[in-house]
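Residue 95 in the UniProt record's numbering sits at position 95 of the sequence shown, and the numbers go up by one each step.
We put the beta carbon where it would ideally sit given N, CA and C, even for glycine.
All values derive from a computational prediction rather than experimental measurement.
Have a look at the structure below before the remarks.
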Amino acid sequence: MEKNITLRKAIPRDAAQIVDLYQSVYQGDYSDPMMSETARLRAALGRDDYYWIVASIDDRIVGSVVYQHTLTGFAKVFGAVIENDCRGQNLTERMMEFGYAQLRAIAHVEVVYATTRTVSSAPQKLTANLGYRKLGIFPNVHKTSGYETHCLTALFTKSAFDSRFTDFALHPRLRPLFDIVRRECGLPAIPDDWIPHTSAENFSRARSALELELIHAPRLTKRRFDEGKNALVAQDHHTFFPFQEPNLLISSADQDVEVFCYFSETDKHCVLIGIHDLCNAGFADIVEKASVILQDLGVRYIEFIIRADESAKIEIAMQAGFIPCAYFPAMHLIGAQRYDFVIFSRSYEILNFRNIRLEGINREYLNQYLQFWKKNSLEPEPACAA
């Protein structure tokens with residue numbers, strides 16, 4: 001018999017119960033440290049950019065899901081957890097629907113994304129039932145008790161696609177990935193860009209005297225990142241990556257070049273959040289040297305995003321060994337238009353796809369990723385002469 005379950009917005013005093021719920025279900029094996037730190041979780045519950053939904057029976061919390069959103073109508077939903085005794089009642093789906101309805105009314109959210117685990121097909125089916133579109137795959141993105149591959153999925157309003165920026169040409173090597181997303185989302189066609197050989201030549205020449213060093217100082221890193229976001233001089237150099245705060249800095253001695261990263265000590269996952277380049281050292285040189293530093297640190301997976309209309313940067317990323325694994329249309333609002341982004345990743349470990357369950361076109365995304373990997377790793381294009 002279905003139990004009497006109430007859905008509501010969480011408040012700071014729920015923090016301890018929420019941490020206990022994650023601990024009970026995941027046995028300490030959840031990759032986000034916030035879910036195990038009561039003080040940090042309590043602080044998040046008091047923030048305006050979080051909309052945290054809990055399910056409760058009387059005063060006992062038995063389910064939780066989190067929405068985080070920006071002022072530009074963009075949100076992510078994550079962290080769904082259900083007490084074992086309350087499964088089988090579509091509770092995750094009900095919490096997600098409840099939270100989305102609230103956010104649409106309060107924050108005018110137009111785009112919500114989620115990543116789904118692949119150890120079973122259930123999360124992929126759940127998001128599909130809610131109208132989420134499949135956008136790509138993140139092979140071996142996390143490592144807890146084993147390797148985890150996640151899928152990217154997003155829910156769009158009509159207004160999000162209506163305001164999408166489409167006046168650009170697509171890097172030709174992105175065509176197979178884009179065509180899958182285009183079919184999934186019903187997008188109009190985009191012509192191929194022409195990538196001149198000078199892009200490859202510039203990359204092969206990018207061996208300047210630039211020296212970078214690692215600074216593990218989370219508070220300093222965040223302060224420098226916030227200063228860079230607010231400085232007009234940095235606007236052309238700052239990379240956009242939503243809902244991440246840097247805790248690791250790679251910098252030149254004079255701080256004219258800074259690379260802001262989020263690094264997970266737990267599973268050696270790293271996200272390049274922003275690049276600040278006042279001396280015009282060049283995207284190719286910075287990405288290449290920062291990647292070497294991170295690999296030496298023990299990072300096993302690196303991820304960053306590039307706007308889909310920035311073909312020169314996309315070319316550099318692929319020549320640096322990064323693989324496009326997902327394409328996110330209408331992702332970020334700039335002015336009055338929403339811009340497409342491409343998510344790139346690079347794994348420094350042998351790919352492991354045992355025990356994954358993929359639904360529908362997620363299989364196509366994995367096959368496409370493997371084609372990119374084969375091209376990059378086994379059939380690299382010869383470098384242009386300097």
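- Nearest C-alpha to I250 among N362, Q319, Y262: Y262.
- Leaving aside the five residues that flank M35 on each side, the residues in its chain whose CB is nearer than 6 Å to its CB run, in chain order, Y22.
- In the three-state reduction of the DSSP assignment, Q27 falls in the coil class.
- When rounded, the separation of the alpha-carbon atoms in G99 and I306 is 29 Å.
- Residue environment: Q371 is assigned as exposed (fewer than 16 neighbouring CB atoms within 10 Å of its CB, all protein chains considered).
- By the Cβ-count criterion, N90 is exposed, with fewer than 16 other Cβ atoms from all chains shown falling within 10 Å of its own Cβ.
- A distance of 8 Å or more separates the beta carbons of P242 and T221.
- I57 sits away from I11, with the two beta carbons spaced by 8 Å or more.
- With a contact defined as Cβ atoms closer than 8 Å, S252 and E288 miss out at about 14 Å.
- Within the UniProt domain "N-acetyltransferase" (5-158), the alpha helix (DSSP H) runs of at least 4 residues that lie entirely inside it are, in chain order, 15-26, 38-45, 91-107, 122-129.
- With contact defined as three or more Cβ pairs closer than 8 Å, the region 141-150 and the region 271-282 are not in contact.
- Boundaries of the beta strand (DSSP E) around I250: 248-251.
- Taking 8 Å as the cut-off, the Cβ atoms of R164 and R338 count as close.
- In the three-state scheme derived from DSSP, where H, G and I count as helix and E and B as strand, E258 is classed as strand.
- Only exposed fits Q27, as fewer than 16 other CB atoms lie within 10 angstroms of its CB.
- Put simply, of E97, R133, R354, L378 the residue whose alpha carbon is nearest the alpha carbon of P139 is R354.
- Here V119 is exposed, its C-beta having fewer than 16 other C-beta atoms within 10 Å.
- Three or more Cβ pairs drawn from the region 318-327 and the region 335-350 lie within less than 8 Å of each other, which places the two stretches in contact.
- For the pair A217 and R224, the Cα-to-Cα distance works out to about 11 Å.
- In the assembly as shown, G186 is an exposed residue. Its beta-carbon has fewer than 16 other beta-carbons within 10 Å.
- The continuous alpha helix (DSSP H) containing Y369 extends over residues 362-377.
- Under the criterion of beta carbons closer than 8 Å, L170 and F178 qualify as touching, at roughly 6 Å.
- Each residue's CA atom was taken as its position, placing A122 and P329 some 25 Å apart.
- The alpha-carbon of H142 is positioned some 21 Å away from that of V19.
- When the alpha-carbon of L214 is set against those of D267, D32, I293, P188, the nearest one is in I293.
- Uninterrupted alpha helix (DSSP H) stretches at least 4 residues long and entirely within the region 249-327 occur at 283-297, 311-319, given in chain order.
- Excluding five sequence positions before and after W373, the CB atoms of its chain that fall closer than 8 Å to its own CB belong to I323, L351, given in chain order.
- Judged by their CB atoms, Y369 and I180 are not nearer to each other than the 8 Å cut-off.
- The beta carbon of D192 sits closer than 7 Å to those of A169, L170, P172, R175, all from its chain and outside the five residues before and after it, given in chain order.
- For V111 against L103, the beta-carbon gap comes to about 11 Å, at or over 8 Å, which does not count as contact.
- Put simply, the backbone Cα of V257 is about 29 Å away from that of P33.
- Distances from the CA of D59 to each of L71, I53, D14, V81 were compared; the closest alpha carbon is that of D14.
- Secondary structure of L187 (DSSP, three-state): coil.
- Distance check between C270 and each of G73, S291, L278 places S291 closest, using alpha-carbon atoms only.
- Judged by DSSP secondary structure, D340 falls within the beta strand (DSSP E) whose first and last residues are 337-347.
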